[in-house]
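Let me begin by presenting the structure, written as structure tokens, before commenting on it.
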Amino acid sequence: MTRVALQAQEREILGKKVKILRREGIIPAHVFGKKIETEHVSVNRLEFLKVFEQVGETGLVDLKIGSEKVRPVLIRDIQVDPVREEPLHIDFYQVNLMEKVKVRVPIYLRGEEPELVHTGEAVVIQQMPEVEVEALPTDLPENIEVDISVLKNIDDTVYISDLKVPQGVEVQADAEWVVVKLDKAVSEEAEALMEEMEKEAEVVEEAAKEGAEAVTEEGVEEGAEGTKEEEAGESEEKKE
6 MTRVALQAQE
16 REILGKKVKI
26 LRREGIIPAH
36 VFGKKIETEH
46 VSVNRLEFLK
56 VFEQVGETGL
66 VDLKIGSEKV
76 RPVLIRDIQV
86 DPVREEPLHI
96 DFYQVNLMEK
106 VKVRVPIYLR
116 GEEPELVHTG
126 EAVVIQQMPE
136 VEVEALPTDL
146 PENIEVDISV
156 LKNIDDTVYI
166 SDLKVPQGVE
176 VQADAEWVVV
186 KLDKAVSEEA
196 EALMEEMEKE
206 AEVVEEAAKE
216 GAEAVTEEGV
226 EEGAEGTKEE
236 EAGESEEKKE
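Structure representation (structure tokens):
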């Protein structure tokens with residue numbers, strides 16, 4: 006697995022003031038983990054991006070805070086600016102190299118596409134783009150590869166149980182879950198028909214909902230009128 010070093014600094018600037026750091030190319034971050042107090046730190050944006058490109062969320066980072074000793078961490082979460090697509094905040098999870106951790110690992114499709122895909126008769130459907138695994142931090146795989154060339158016929162499927170993972174890695178998912186499948190291609194005419202049927206179903210459902218609401222309102226009005234009539238009758242009886 007990939008393991009790289011990253012320098013961090015202790016951070017005293019908190020709250021909204023961290024905008025100042027971001028303008029200077031610094032990303033605010035937290036370091037947390039089992040039996041340790043959460044620490045406020047910061048890292049250089051360009052250096053972090055280089056590291057993240059190498060390790061992703063499954064590779065170990067040797068984080069050095071100031072002049073302290075190196076700590077093994079995983080990049081647990083990154084908050085990203087939705088407009089600029091730049092990292093705003095990072096969560097580093099400090100791990101114990103002797104304790105297993107659970108992380109989500111991407112599943113990549115490899116190999117030559119099946120012949121039926123080339124002829125337009127089928128399509129490869131990936132139902133699981135990632136899967137959770139458990140392993141020691143040093144054993145975590147960067148990704149899991151699936152060879153799609155084994156898919157020969159319609160409905161051929163690769164299940165969780167078919168995944169090949171390194172020794173010491175346990176997949177945390179049901180063995181019968183579908184990872185990728187060779188499915189029959191749907192023609193443009195069939196897709197258009199399905200879309201039309203879905204729209205018609207939505208119209209019918211909406212009409213039924215409006216009808217039910219109308220009936221409910223009528224029932225409420227009738228109940229109110231009945232109550233008024235009963236009250237009027239009681240008033241007349243009292244007068245008599």
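Just so we're aligned, residue 6 is where the sequence shown starts under our numbering, counting upward by one.
From the three backbone atoms N, C-alpha and C, an ideal C-beta is built for every residue, glycine too.
All figures in this text were calculated on a predicted structure; none of them were measured in a lab.
- Every alpha helix (DSSP H) of 4 residues or more that sits fully in the segment 54–128 is shown, in chain order, as 120–123.
- A straight line joining the alpha-carbon of Lys204 with that of Val191 spans about 18 angstroms.
- Note on Tyr113: under 16 other CB atoms within 10 angstroms of its CB, so exposed under the neighbour-count rule.
- Annotation for Ala206: no residue places its beta carbon closer than 6 angstroms to its own, counting only its chain and skipping 5 residues before and after.
- In this chain, the beta strand (DSSP E) harbouring Val136 covers 135–140.
- DSSP places Ile32 in the strand class (E or B) of the three-state scheme.
- Distance from the CA of Arg16 to the CA of Asp82, rounded to the nearest whole angstrom, comes to 18 angstroms.
- A contact between stretches requires three or more CB pairs, one per stretch, nearer than 8 angstroms, and the segment 114–125 meets this requirement with the segment 151–162.
- Counting C-beta pairs with one atom in each stretch, the segment 72–81 and the segment 156–163 have fewer than three that are closer than 8 angstroms, which means they do not touch.
- Counted as a single uninterrupted DSSP element, the beta strand (DSSP E) harbouring Ser47 occupies residues 41–49.
- When DSSP reads this structure, Ile149 sits in a beta bridge with Ile112.
- Taking C-beta atoms as the reference points, Ile130 and Val185 count as a pair closer than 8 angstroms.
- Relative to Gly61, the option among Leu93, Asn49, Phe97, Lys40 whose CA is nearest is Phe97.
- Contact between Val46 and Val56 is absent: CB atoms are separated by about 14 angstroms, not below the 8 angstroms threshold.
- Rounded to the nearest whole angstrom, the C-alpha separation of Glu118 and Gly125 is 11 angstroms.
- DSSP places Gly20 within a helical segment (H, G or I) once states are collapsed to three.
- DSSP places Ala178 outside both helix and strand once states are collapsed to three, so it counts as coil.
- Separation of Asp167 and Gln132 (C-alpha to C-alpha, rounded to the nearest whole angstrom) is 14 angstroms.
- Judged by beta-carbon spacing, Thr63 lies within the 8 angstroms limit of Val108, meaning their Cβ atoms are closer than that value.
- Annotation: Val36 to Arg50 spans about 16 angstroms, alpha carbon to alpha carbon.
- The alpha carbon of Val85 has as its nearest neighbour, out of Asn101, Leu54, Glu104, Val209, the alpha carbon of Leu54.
- For Val185, DSSP records a beta bridge to Gln131, Val163.
- Counting only residues of its own chain and dropping the five nearest sequence neighbours on each side, Ile31 has a CB closer than 6 angstroms to the CB of Ser47.
- Here Gly38 is buried. Its C-beta has 16 or more other C-beta atoms within 10 Å.
- When beta bridges are read from the DSSP output, Glu15 appears opposite Val46.
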